[in-house]
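Engineer:
Below you can see the structure in the form of structure tokens.
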């Protein structure tokens, strides 16, 4: 009887000791980079199911850590054998203080560092905020993806699409399928778009329409800077307003000044003046309706039922009084000729100033 009594006391002491420790030492994983450590929980329970299922159940103000990544949740079930955690309620992933992700449900694969976030998902990088209902985020590669619709708010700019990829290291979002951008100054629609939340540069990878209420741009290649209003477009892009249309292999445009530049088979049309100007290099101002064409330009002027064709080394259409300032600009260009011998003034509107645009490239990046 005495031996039985002592054995029972020994068992009770072991049970009390077990209840006070955080849990058994995990033999796997041995990689400390992959291991998910428990920092805090109000309550901890241990459950052994079988050789593949050995759980630590954490409840209340749960905080976990893996490397430089911190996890917060209301409750967590951590499988010690598989290094997989399921978290519920008010989840917050702090990825090295650079990216913060929130959701109501998380399944985290510790060995591959893949986080599957569901329900009211929000990701913030300090520049933009991505919201969706389902996000897969690779903590190791710092890449997230959504396939059931997502929205990015970057200042006053809102972008939406059906699918997308977020790259934390470069602050870029790759939008796919029914992409729309709404901004106080712009409307954009396309099927594929790369957008940088830091620089606010949109890069076009598919047929795209940009509308600022005054000017429409049709392009399938190039970029547009929402901060500066400057853009560079390739692949026979078009810039169009109520009376003017410019088409070219490569176009550059600045919204603030209305200035544009075209290179490669450029066609400029002014329906109000009845003028068509064709050249390989052209400068102009949308707001002042003036153009300067070089590299074998030809101007077609409609007059009643007839058309006048004018060819020269250089052609200018704009205000006569602005010709002197135009000469100064033109002489700064490479391989220019004396403008007095080659410029013809054909209408009384517009002006050319020094163009400060992003350089026109033969191949748009």
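Numbering (this note's numbering), first residue to last: 58 to 422. C-beta: ideal position from N, C-alpha, C; glycine also. Small disclaimer: the values here were computed from a predicted structure and weren't measured.
1) Sort 190, 194 and 188 by Cα distance to residue 169 and report the nearest one.
2) Are residue 120 and residue 97 touching if we call contact CB-CB under 8 angstroms?
3) Buried or exposed: residue 267, going by 16 or more other Cβ atoms within 10 Å of its Cβ?
4) Measure the beta-carbon distance from residue 229 to residue 251 and round it to whole angstroms, keeping in mind my assumption that it falls under 8 angstroms.
5) Among 243, 209, 163 and 304, which has the Cα closest to the Cα of residue 287?
6) Among residues of its own chain, excluding the 5 on either side of residue 238, which ones have a beta-carbon nearer than 6 angstroms to its beta-carbon?
7) How would you call residue 354, buried or exposed, if buried means at least 16 neighbouring beta carbons within 10 angstroms?
8) Compare the Cα-Cα distances from residue 341 to each of 117, 118, 311 and 162 and report the closest residue.
9) Report the option in 325, 284, 315 and 313 whose CA atom is closest to the CA atom of residue 294.
10) Could you pull out every residue in the same chain whose Cβ sits closer than 8 angstroms to the Cβ of residue 298, ignoring the five residues on either side in sequence?
11) To the nearest angstrom, how far is it from the Cα of residue 136 to the Cα of residue 172?
12) What are the start and end residues of each continuous beta strand (DSSP E) run of 3 or more residues lying completely inside the region 254–280, in chain order?
13) Beta-carbon within less than 7 angstroms of residue 196's beta-carbon, same chain only, minus the 5 sequence neighbours each way: which residues are those?
14) Around the C-beta of residue 338, are 16 or more other C-beta atoms found within 10 angstroms, so that it is buried, or is it exposed?
15) Whole angstroms are fine: how far does the CA of residue 142 sit from the CA of residue 148?
16) Skipping 5 residues on each side, what residues in its chain have a beta carbon closer than 8 angstroms to that of residue 248?
17) With residue 118 as the anchor, note down where its beta strand (DSSP E) starts and where it stops.
18) Taking residue 331 and residue 358 to be in contact with their CB atoms under 8 angstroms, please state how far apart those CB atoms are, rounded to whole angstroms.
19) Please classify residue 198 as buried or exposed, where buried requires at least 16 neighbouring CB atoms within 10 angstroms.
20) Can you tell me where the beta strand (DSSP E) with residue 180 in it begins and where it stops?
21) Which residue wins for smallest C-alpha separation from residue 314, given the options 176, 347 and 205?
22) What is the rounded straight-line gap between the Cα of residue 334 and the Cα of residue 160?
23) Using DSSP's beta-bridge definition, name the partner residues of residue 96.
24) Determine the DSSP secondary structure at residue 102, reduced to helix, strand or coil.
25) Which of the three DSSP states, helix, strand or coil, is assigned to residue 213?
26) At the level of alpha carbons, what is the spacing between residue 165 and residue 132?
27) List the endpoints of the continuous beta strand (DSSP E) containing residue 242.
28) Under the DSSP definition of a beta bridge, which residues are partnered with residue 164?
29) Kindly give me the distance between the Cβ atoms of residue 329 and residue 300, rounded to whole angstroms, as I take these residues to be in contact under 8 angstroms.
30) Report the rounded CA-to-CA distance for residue 92 versus residue 111, giving the unit in angstroms.
31) Is residue 132 helix, strand or coil when you go by DSSP?
32) If you draw a straight line from the alpha carbon of residue 241 to that of residue 222, how long is it in whole angstroms?
33) So, using beta-carbon positions, are residue 227 and residue 207 closer together than 8 angstroms?
34) On the criterion of 16 or more Cβ atoms from any shown chain inside 10 Å, does residue 435 qualify as buried, or is it exposed?
Structural biologist: Concretely, from the data shown:
1) Relative to residue 169, the option among 190, 194 and 188 whose CA is nearest is 194.
2) Yes, the Cβ-Cβ distance between residue 120 and residue 97 is below 8 angstroms.
3) Under a 10 Å Cβ-count criterion, residue 267 is classified as buried, with 16 or more other Cβ atoms of the shown protein chains found around its own Cβ.
4) Correct: roughly 6 angstroms between the Cβ atoms.
5) Per the Cα distances, 243.
6) Excluding residues within five positions, the ones whose Cβ falls inside 6 angstroms are 216 and 245.
7) The residue is buried, with at least 16 neighbouring Cβ atoms inside 10 Å.
8) Among 117, 118, 311 and 162, the Cα nearest to that of residue 341 belongs to 311.
9) Selected option, being the one with the closest Cα: 325.
10) Here the set comprises 271, 272, 273 and 343.
11) Each residue's alpha carbon lies about 15 angstroms from the other.
12) Whole beta strand (DSSP E) segments, 3+ residues: 258–261, 265–268 and 273–276.
13) Closer than 7 angstroms at Cβ, skipping near neighbours: 126, 152, 170 and 172.
14) Around the beta carbon of residue 338, a 10 Å sphere encloses 16 or more other beta carbons of the protein chains shown; the residue is thus reported as buried.
15) Approximately 12 angstroms, taken between the alpha carbons.
16) Within its own chain, the residues whose Cβ lies closer than 8 angstroms to the Cβ of residue 248, once the five positions on either side in sequence are excluded, are 233, 234, 235, 236, 263 and 264, listed in chain order.
17) Looking at the DSSP string, the run of the beta strand (DSSP E) that includes residue 118 is 110–123.
18) Right, their Cβ atoms sit about 7 angstroms apart.
19) With fewer than 16 Cβ atoms within 10 Å of its Cβ, residue 198 is classed as exposed.
20) Segment 171–181, the beta strand (DSSP E) holding residue 180.
21) Residue 314 has its Cα closest to that of 347, out of 176, 347 and 205.
22) Cα-Cα distance, rounded: 57 angstroms.
23) Paired residue(s): none; residue 96 is not in a bridge.
24) In this structure, residue 102 counts as strand in the three-state DSSP scheme.
25) Looking at residue 213 - three-state DSSP - the assignment turns out to be coil, as it is neither helix nor strand.
26) Spanning the alpha carbons of residue 165 and residue 132 requires a straight line of approximately 13 angstroms.
27) If you look at residue 242, you'll find it isn't in any beta strand (DSSP E); DSSP assigns it neither H nor E.
28) Residue 164 is bridged to 143 and 173.
29) Sure, about 4 angstroms apart at Cβ, within 8 angstroms.
30) The alpha-carbon atoms of residue 92 and residue 111 are separated by roughly 15 angstroms.
31) The DSSP-derived three-state label of residue 132 is strand.
32) Cα-Cα distance, rounded: 25 angstroms.
33) Residue 207 sits away from residue 227, with the two beta carbons spaced by 8 angstroms or more.
34) Outside the modelled stretch of the chain, which goes from 58 to 422, sits residue 435, for which no answer is possible.
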